[in-house]
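Peer 1: Here it is: the structure, laid out below.
2 protein chains.
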Amino acid sequence: MSLIVQKFGGSSVADPERIKIVADRVAETLRAGHQVLVVLSALGGTTDKLITLSKEITDNPSDREMDMLLSTGEQISISLLSMALHELGIEAISLTGAQVGIITDSSHTKARIKEISGGTIQKELDQGKVVVVAGFQGIDLSNNITTLGRGGSDLTAVALASVLKADQCEIYTDVDGIYTADPRVVADARKLELISHDEMLELASLGANVMNARSVEFAKKFGVTIHVRSSFNQKDGTLITEEAEKMEDAVIRGVTKNTEESKVTILHVPDTPGVAAKVFKILADVNANIDMIIQNVSEKGKTDISFTVINSDFAKVQKVLEELCTEVGADSVEYDQNIAKISVVGIGMKSHSGVAAKMFEVLAHESINIKMISTSEIKISCVIAKDQADKAVRVLHEEFDLAKELIPE
Amino acid sequence: MSLIVQKFGGSSVADPERIKIVADRVAETLRAGHQVLVVLSALGGTTDKLITLSKEITDNPSDREMDMLLSTGEQISISLLSMALHELGIEAISLTGAQVGIITDSSHTKARIKEISGGTIQKELDQGKVVVVAGFQGIDLSNNITTLGRGGSDLTAVALASVLKADQCEIYTDVDGIYTADPRVVADARKLELISHDEMLELASLGANVMNARSVEFAKKFGVTIHVRSSFNQKDGTLITEEAEKMEDAVIRGVTKNTEESKVTILHVPDTPGVAAKVFKILADVNANIDMIIQNVSEKGKTDISFTVINSDFAKVQKVLEELCTEVGADSVEYDQNIAKISVVGIGMKSHSGVAAKMFEVLAHESINIKMISTSEIKISCVIAKDQADKAVRVLHEEFDLAKELIPE
Numbered sequence: 001m002s003l004i005v006q007k008f009g010g011s012s013v014a015d016p017e018r019i020k021i022v023a024d025r026v027a028e029t030l031r032a033g034h035q036v037l038v039v040l041s042a043l044g045g046t047t048d049k050l051i052t053l054s055k056e057i058t059d060n061p062s063d064r065e066m067d068m069l070l071s072t073g074e075q076i077s078i079s080l081l082s083m084a085l086h087e088l089g090i091e092a093i094s095l096t097g098a099q100v101g102i103i104t105d106s107s108h109t110k111a112r113i114k115e116i117s118g119g120t121i122q123k124e125l126d127q128g129k130v131v132v133v134a135g136f137q138g139i140d141l142s143n144n145i146t147t148l149g150r151g152g153s154d155l156t157a158v159a160l161a162s163v164l165k166a167d168q169c170e171i172y173t174d175v176d177g178i179y180t181a182d183p184r185v186v187a188d189a190r191k192l193e194l195i196s197h198d199e200m201l202e203l204a205s206l207g208a209n210v211m212n213a214r215s216v217e218f219a220k221k222f223g224v225t226i227h228v229r230s231s232f233n234q235k236d237g238t239l240i241t242e243e244a245e246k247m248e249d250a251v252i253r254g255v256t257k258n259t260e261e262s263k264v265t266i267l268h269v270p271d272t273p274g275v276a277a278k279v280f281k282i283l284a285d286v287n288a289n290i291d292m293i294i295q296n297v298s299e300k301g302k303t304d305i306s307f308t309v310i311n312s313d314f315a316k317v318q319k320v321l322e323e324l325c326t327e328v329g330a331d332s333v334e335y336d337q338n339i340a341k342i343s344v345v346g347i348g349m350k351s352h353s354g355v356a357a358k359m360f361e362v363l364a365h366e367s368i369n370i371k372m373i374s375t376s377e378i379k380i381s382c383v384i385a386k387d388q389a390d391k392a393v394r395v396l397h398e399e400f401d402l403a404k405e406l407i408p409e
Numbered sequence: 410m411s412l413i414v415q416k417f418g419g420s421s422v423a424d425p426e427r428i429k430i431v432a433d434r435v436a437e438t439l440r441a442g443h444q445v446l447v448v449l450s451a452l453g454g455t456t457d458k459l460i461t462l463s464k465e466i467t468d469n470p471s472d473r474e475m476d477m478l479l480s481t482g483e484q485i486s487i488s489l490l491s492m493a494l495h496e497l498g499i500e501a502i503s504l505t506g507a508q509v510g511i512i513t514d515s516s517h518t519k520a521r522i523k524e525i526s527g528g529t530i531q532k533e534l535d536q537g538k539v540v541v542v543a544g545f546q547g548i549d550l551s552n553n554i555t556t557l558g559r560g561g562s563d564l565t566a567v568a569l570a571s572v573l574k575a576d577q578c579e580i581y582t583d584v585d586g587i588y589t590a591d592p593r594v595v596a597d598a599r600k601l602e603l604i605s606h607d608e609m610l611e612l613a614s615l616g617a618n619v620m621n622a623r624s625v626e627f628a629k630k631f632g633v634t635i636h637v638r639s640s641f642n643q644k645d646g647t648l649i650t651e652e653a654e655k656m657e658d659a660v661i662r663g664v665t666k667n668t669e670e671s672k673v674t675i676l677h678v679p680d681t682p683g684v685a686a687k688v689f690k691i692l693a694d695v696n697a698n699i700d701m702i703i704q705n706v707s708e709k710g711k712t713d714i715s716f717t718v719i720n721s722d723f724a725k726v727q728k729v730l731e732e733l734c735t736e737v738g739a740d741s742v743e744y745d746q747n748i749a750k751i752s753v754v755g756i757g758m759k760s761h762s763g764v765a766a767k768m769f770e771v772l773a774h775e776s777i778n779i780k781m782i783s784t785s786e787i788k789i790s791c792v793i794a795k796d797q798a799d800k801a802v803r804v805l806h807e808e809f810d811l812a813k814e815l816i817p818e
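Here is the structure:
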């Protein structure tokens, strides 16, 4: 008998009606002859309500108490889903992170999983029960409740799928799967049947907001195949899986845009050892999320350093750079908030050359100026003007033939 | 250094503002040089909201999942109070029933405490922290979350006070303490300074709704002194304590009325062995809460059986009695829903005679007809017409001189 892990997010369990729909979905999977392990987020809206309560008490809550508070959210959803399953005549039991034995470190609000004992869940599955586990939460070695931070429920699902050797890990979302581009931008964007963990990692961090990168990394590390699919229909979604040979037939898997970053350039920095280190040490100290970094060639002992920073960190970067400028003897700082990062991603790049050249050519043909370039083994990113972003995505999608199914069936 | 346990109910922690007031109260106790262990109920209203959610899913939720759901309520209040204490610069840590190690049996929704290890709490207290414990909840030996049922948070407080050998267990309520009678009925009702566990037990079960009988029983068994006091002012309340000699100086400690019962009489039951057993077996089978039982003398081989039943169980009693009547060969059943039970309670009765005679005389003098009588070592109860109840309480309060302080200072 095969074991399926099914993870449902907050919007799928936002109210009792939707919880019943989730119960129906679980019932179908059981009827198809599978064992089911469900992982749930908190009811949509609950977390925000709890945060509002805490803010009325303090602006600076302790992380431990925040975890104590927020972990009640999933405890509510798992008990309600178990009741809904009972109502359908299905044996089910809810378990908190602590009850499962999801042992984490003690970094409250962003704990990392250290160890999971699958014994408790396995025992209940063996008794024919559906096991409903609270996502997002664990317990440290001193018995404190912890939470896993952003994407935590996906991570719980992937980790449990790995420990229990599940046959599939289904992540239910409000989209049908992973697309070659954002369907709101590219009309003929195509849903991918398959994508590799590495490609998904690039896409996750490049602005395709379906899966959190951390869970995909975990899935890659432990060889878990994830099925991203919609909770609103029965269609197959996209399998995120280990690299398969036929995957390389497609040179490019998808095109993304990210408009949530700004460009910063520090002009005429003395080109002496240790200056770049100093700059980025200061940015790291204020926890600024820096992405692309480029240093241009030096001229008369001076150089320009450019980087992109996530917009939510822009204000604090601006603040520390004013001082830094005089400190390192740079001339001035330029800011550009009207940028977009366009990327093409695909494992096929490893074995196909000329992808970068083609990308630059396509953009040039459309008179789109490239402000920054950065590459990895399987992706190429260009920073361009924000108002040209959608056009760039459309032409790249077309020129790389992404609307056409390339994987031989 | 003395340890004070302070228990606050749902209305004392109904919203962030009130939680801050509780934090101030704890801070004062600390300043007075005590260690503090706080026990909390769920935020007022939370439990009802959670029950409403569950009802939208099922009319018949499993008890285990109900405990999983409802135990989130206290987890929310303890984390918020800890944050409020931190905001005052006080070190504090919240602990769930499971984290404390409140081991119960597996009777979900009405679990009984089997064992408490005070080690975790003691360790935190020793580090100078205020420990904030979730009332009402525990964990069974299979790691399932359980709840203790009605009065559960009081019970947690009393049990922890016992295990940790606390110097006092303060139960904060919305009244100033225990009164000689309901102040809404008797204008000169007096707040008692002291009352024995036994007297409180009689009062608790006789309609003085301040303390749940179960917690008082526990306190009696383990010699815990409870201080019932108001969360709205600083006045001393009432100490519920072990019997002291001077207590017997007061013949009567209080007068109560209970208008939440009805009287049932089964007429002309055959007076043969086993009939009463049959009647009350059937009532027990439907979980009817029966209070006073009286069987009159037999006449021509027939007798009448009267009892009182709590009003919320009245409908189901009526239903089973219709059938029962023919089954046991009784003539008919009479119901009286317009009754009140008036009781006088006091340890002094043990050493003073004539209390019952005086009570009956007082009632007769006011032309109040007595329908049923029942007595214990330290109380006398009379069932009378409901519309005469307040008058009866007033005259008994006066004739037994309860407005006057009898305990020598």
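Read top to bottom, the protein sequences are chains E and B. For what it's worth, our numbering labels the leading residue of the first sequence as 1, then goes sequentially. For what it's worth, our numbering labels the leading residue of the second sequence as 410, then goes sequentially. No residue lacks a Cβ here, since even glycine has one placed at the ideal position from N, Cα and C. On a predicted model such as this, the values are computed, not experimentally measured, just so you know.
Using 10 angstroms around the beta-carbon of E65/E, count the other beta-carbons present and answer buried if the total reaches 16, otherwise exposed.
Peer 2: With 16 or more other Cβ atoms within 10 Å, it is buried.
Peer 1: Keeping to the same chain, check which residues put their C-beta closer than 6 Å to that of Q746/B; ignore five residues upstream and five downstream.
Peer 2: S671, listed in sequence order.
Peer 1: Identify whether D304/E lies in helix, strand or coil by the three-state DSSP scheme.
Peer 2: Three-state DSSP puts D304/E in a strand.
Peer 1: Consult DSSP for A288/E and reduce its assignment to one of helix, strand or coil.
Peer 2: The answer is coil: DSSP assigns A288/E none of H, G, I, E or B.
Peer 1: Taking C-beta pairs closer than 8 Å, name the residues in chain E that P425/B reaches, listed in chain order.
Peer 2: Correct list: L53, E56, I57.
Peer 1: Give a yes or no on whether 9 Å exceeds the smallest Cβ distance from I502/B to chain E.
Peer 2: Output row for I502/B: interface = yes.
Peer 1: At what residues does the alpha helix (DSSP H) containing A766/B begin and finish?
Peer 2: 764–774 is the span of the alpha helix (DSSP H), which, as asked, contains A766/B.
Peer 1: Buried or exposed, going by whether 16 or more other CB atoms sit within 10 Å of the CB of L412/B?
Peer 2: Looking at its Cβ environment, which holds 16 or more other Cβ atoms inside 10 Å, L412/B is buried.
Peer 1: Could you compute how far the alpha carbon of V130/E sits from the alpha carbon of L37/E?
Peer 2: Distance between the alpha carbons of V130/E and L37/E: 6 Å.
Peer 1: Alpha carbons only, please: which of A590/B, L601/B, I512/B, D597/B is nearest the one belonging to T565/B?
Peer 2: Checked all of A590/B, L601/B, I512/B, D597/B; the closest Cα to T565/B is I512/B.
Peer 1: Consult DSSP for V36/E and reduce its assignment to one of helix, strand or coil.
Peer 2: Here V36/E sits in strand by DSSP.
Peer 1: Comparing the CB of L70/E with every heavy atom of the ligand NAD, is any distance shorter than 8 Å?
Peer 2: Although the ligand NAD was asked about, the structure shown includes no ligands whatsoever.
Peer 1: Is it buried or exposed for R440/B, if we count other Cβ within 10 angstroms and need 16 for buried?
Peer 2: Flag for R440/B reads exposed.
Peer 1: Once the 5 residues before and after K574/B are set aside, which same chain residues still bring their CB inside 8 Å of it?
Peer 2: The answer, listed in chain order, is L412.
Peer 1: Just how far apart, CA to CA, sit T481/B and D700/B?
Peer 2: Rounded to the nearest angstrom, the two C-alpha atoms are 35 Å apart.
Peer 1: Taking only runs of the beta strand (DSSP E) that begin and end inside the segment 139–175 of chain E, which ones reach a length of at least 3 residues, in chain order?
Peer 2: Entirely contained in the segment 139–175 of chain E, the beta strand (DSSP E) runs reaching 3 residues are, in chain order, 145–147, 168–173.
Peer 1: Just the Cα atoms here: how many angstroms apart are I407/E and E217/E?
Peer 2: Its pLDDT being 47, under 50, I407/E is placed unreliably by the model, and nothing is read from it.
Peer 1: Can you list, in chain order, the stretches of the beta strand (DSSP E) that have 3 or more residues and sit fully within the segment 75–106 of chain E?
Peer 2: Counting whole runs of 3 or more residues, the segment 75–106 of chain E contains the beta strand (DSSP E) stretches 92–95, 102–104.
Peer 1: Mind listing which residues of the segment 6–33 of chain E have their C-beta closer than 9 Å to chain B's C-betas, in chain order?
Peer 2: The residues in question are D15, P16, E17, I19, K20, A23.
Peer 1: Can you give me the C-alpha to C-alpha distance between G646/B and V431/B, rounded to a whole angstrom?
Peer 2: One C-alpha to the other measures close to 17 Å.
Peer 1: Determine which residues share a DSSP beta bridge with E334/E and list them.
Peer 2: Per DSSP, T265/E.
Peer 1: Taking Cβ-Cβ distances shorter than 9 Å, what residues in chain B pair up with T146/E?
Peer 2: None at all; the shortest Cβ gap to chain B is about 13 Å.
Peer 1: On a CA-only basis, which of G757/B, Q797/B, G755/B, E786/B is nearest H774/B? Give me that one, please.
Peer 2: Of G757/B, Q797/B, G755/B, E786/B, the residue nearest in Cα terms is Q797/B.
Peer 1: Pop quiz: H443/B and V595/B are said to be a contact at Cβ under 8 Å. What is the actual Cβ separation, rounded to whole angstroms?
Peer 2: H443/B to V595/B, Cβ: 35 Å. No contact.
Peer 1: Tell me where the beta strand (DSSP E) around K341/E begins and ends.
Peer 2: Here the beta strand (DSSP E) through K341/E covers 339–345.
Peer 1: DSSP state of G663/B, grouped into three classes?
Peer 2: Note: G663/B maps to strand in three-state DSSP.
Peer 1: Starting from H636/B and walking both ways along the beta strand (DSSP E), at which residues does that stretch end?
Peer 2: Run containing H636/B: 635–639, per the beta strand (DSSP E) assignment.
Peer 1: Tell me the rounded alpha-carbon separation between S450/B and V224/E.
Peer 2: Approximately 43 Å between the Cα atoms of the pair.
Peer 1: Can the beta-carbon of T589/B be found closer than 9 Å to that of L730/B?
Peer 2: It is not a contact, given that the beta carbons lie outside the stated cut-off.
Peer 1: Where does Q411/E land, buried or exposed, given buried means 16+ other C-beta within 10 angstroms?
Peer 2: In the structure as shown, chain E begins at 1 and stops at 409. Residue 411/E is therefore absent and cannot be evaluated.
Peer 1: Let me know if P470/B comes out buried or exposed under the rule of 16 or more other beta-carbons within 10 Å of its beta-carbon.
Peer 2: Looking at its Cβ environment, which holds 16 or more other Cβ atoms inside 10 Å, P470/B is buried.
Peer 1: Give the range of the beta strand (DSSP E) segment to which M758/B is assigned.
Peer 2: No beta strand (DSSP E) holds M758/B; DSSP gives it neither H nor E.
Peer 1: Grouping DSSP H, G and I as helix and E and B as strand, with all else coil, what is P61/E?
Peer 2: Here P61/E sits in coil by DSSP.
Peer 1: I need the DSSP call for A42/E, collapsed to helix, strand or coil.
Peer 2: It is coil, neither helix nor strand.
Peer 1: Name the chain B residues that come within less than 7 Å of E65/E, Cβ to Cβ?
Peer 2: Within chain B, the residues near E65/E are S488, S491, M492, S503.
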